[in-house]
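Take a look at the structure below.
2 protein chains.
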Amino acid sequence: MSSAAPPTGDDLVRVLAALANPHRLRVVAALSRERAYVSGLARQLGISRALLQVHLRKLAAAGLVTARLELSEDGKAMNYYEVEPFVLTLTPQVIAAAAETLTVPDSAEQPGAQR
Amino acid sequence: MSSAAPPTGDDLVRVLAALANPHRLRVVAALSRERAYVSGLARQLGISRALLQVHLRKLAAAGLVTARLELSEDGKAMNYYEVEPFVLTLTPQVIAAAAETLTVPDSAEQPGAQR
DNA sequence: CGTACCTGCTAGCTTCTTTTTGCATGTGCG
DNA sequence: CGCACATGCAAAAAGAAGCTAGCAGGTACG
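Written out as structure tokens, the structure reads:
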């Protein structure tokens, strides 16, 4: 999903929510410079591993980063993350299009019922 | 911030957070088609006025919509909202640049003091 | 073996966001 | 005057998100 793909409403919310956070912004920034493994990245950013994992998971769920498990020279398991080269342009029109495809939370509701 | 302005980190977070919500996406979508006043828009979207006000305030705080108070023919005060024609392109590089300018939470808040 | 790395997970607390509910104010009209 | 429509705000309830602390498992090296 490298270039300007038309995002569905739910996708868009997920991506925006994933990026709407200082820590996750810094994670994306760091990974855009160089891929990194979890522990090292946590040190680099000055946050705990557990916290970073949560943020990484959220970014991965939005498709903004991907993980690749590798074995280092000395046999340690290293989980390397890298950014997905996304390009997302936000305009009122793009949002209007995406909003059409928004999923309604649950049953009990259907657009155009009562006026 | 109409066209491709370089957003500061905090601005970016604010804008992304403002858009990362189904209701607010629908609000922007509706306003991009036609400006609307609060009560009417609430009916159109099927949500309460109070709730819509909160969402509108958040969108306005992010600079995505603006309000204009007008008097209708019959003297009622109508608060019309409209979208700001923003264009925001998100890429890892843009985020990396914005992340540089992120404000740190700062444990003790002191107006006027620099760090 | 103990230490130093790497990985992952969850329980529980805190904090922020979202939503509801209720009140207060103003104008025009039958 | 009371009803219908417009505006606003704010406290409190409900829910989601953020963060810490602790546990568990793996490999390598001195």
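Taken in order, these protein sequences are the chains called E and A.
With UniProt numbering applied, the first sequence corresponds to residues 1 to 115, in that order.
With UniProt numbering applied, the second sequence corresponds to residues 1 to 115, in that order.
By construction, the Cβ of each residue, glycine as well, lies at the ideal position given by its N, Cα and C atoms.
Quiz item: Whose C-alpha, out of A:Ala20, A:Gly9, A:Leu59 and A:Ala99, is nearest the C-alpha of Leu31 (chain A)?
Solution: A:Leu59
Quiz item: Going by the beta-carbon positions, is the gap between Leu102 (chain E) and Gly9 (chain E) smaller than 8 Å?
Solution: yes
Quiz prompt | First and last residue of the uninterrupted alpha helix (DSSP H) at Ala96 (chain A) | solution = Pro92 to Glu100
Quiz item: Between which two residues does the beta strand (DSSP E) harbouring Ala77 (chain E) extend?
Solution: Ala77 to Val83
Quiz item: Can you tell me whether Gln114 (chain E) is buried or exposed, with buried defined as 16 or more other CB within 10 angstroms of its CB?
Solution: The predicted model places Gln114 (chain E) with a pLDDT of 35, which falls under 50 and marks its position as unreliable; any figure quoted below should be read in that light. When all chains shown are included, Gln114 (chain E) counts as exposed.
Quiz item: Count the other CB atoms within 10 Å of the CB of Asp42 (chain E); is the residue buried (16 or more) or exposed (fewer)?
Solution: Looking at the sequence provided, one finds Ala at residue 42 (chain E) rather than Asp. Buried: at least 16 other Cβ atoms inside 10 Å.
Self-check item: Beta carbon proximity, Val83 (chain E) to chain A, threshold 8 Å
Solution: yes
Quiz item: So which residues of chain A does Ala17 (chain E) contact, with C-beta pairs closer than 7 Å?
Solution: Ala20
Practice problem: Report yes or no: do three or more beta-carbon pairs, one from the stretch 17–36 of chain A and one from the stretch 67–84 of chain E, lie closer than 8 Å? | Solution: no
Quiz item: So, is the C-beta of Gly63 (chain A) closer than 8 Å to a C-beta in chain E?
Solution: no
Self-check item: Candidates A:Leu25, A:Ala99 and A:Asn79: closest to Ala99 (chain E) by CA position
Solution: A:Leu25
Quiz item: Hey, does Ser32 (chain A) have any beta-carbon neighbour from chain E nearer than 8 Å?
Solution: The beta carbon of Ser32 (chain A) falls within 8 Å of a beta carbon belonging to chain E, placing the residue at that interface.
Practice problem: Say whether chain A places a C-beta atom closer than 8 Å to the C-beta of Thr91 (chain E). | Solution: yes
Quiz item: How about Ala96 (chain E) and Arg33 (chain A): are their beta carbons less than 8 Å apart?
Solution: yes
Practice problem: Tell me where the alpha helix (DSSP H) around Arg68 (chain A) begins and ends. | Solution: No alpha helix (DSSP H) contains Arg68 (chain A), which is instead part of the beta strand (DSSP E) from Val65 to Leu71.
Exercise. Whole angstroms is fine: what's the gap from Met78 (chain E)'s alpha carbon to Leu45 (chain A)'s?
Key: When rounded, the distance between both Cα atoms is 48 Å.
Practice problem: Please list the partners that Arg35 (chain E) has in chain A, where partner means a Cβ-to-Cβ separation under 7 Å. | Solution: Residues of chain A passing the Cβ test: none, with the nearest at roughly 12 Å.
Quiz item: Shortest alpha-carbon distance to Ala67 (chain E) belongs to which of E:Asp74, E:Ala29, E:Ile47 and E:Val38?
Solution: With distances taken between Cα atoms, Ala67 (chain E) lies closest to E:Val38.
Quiz item: From the DSSP output, which residues share a beta bridge with Ala36 (chain E)?
Solution: E:Tyr81
Quiz item: In its own chain, which residues sit with a C-beta less than 8 Å from the C-beta of Leu71 (chain A), not counting the 5 before and 5 after it?
Solution: Ala77 and Met78
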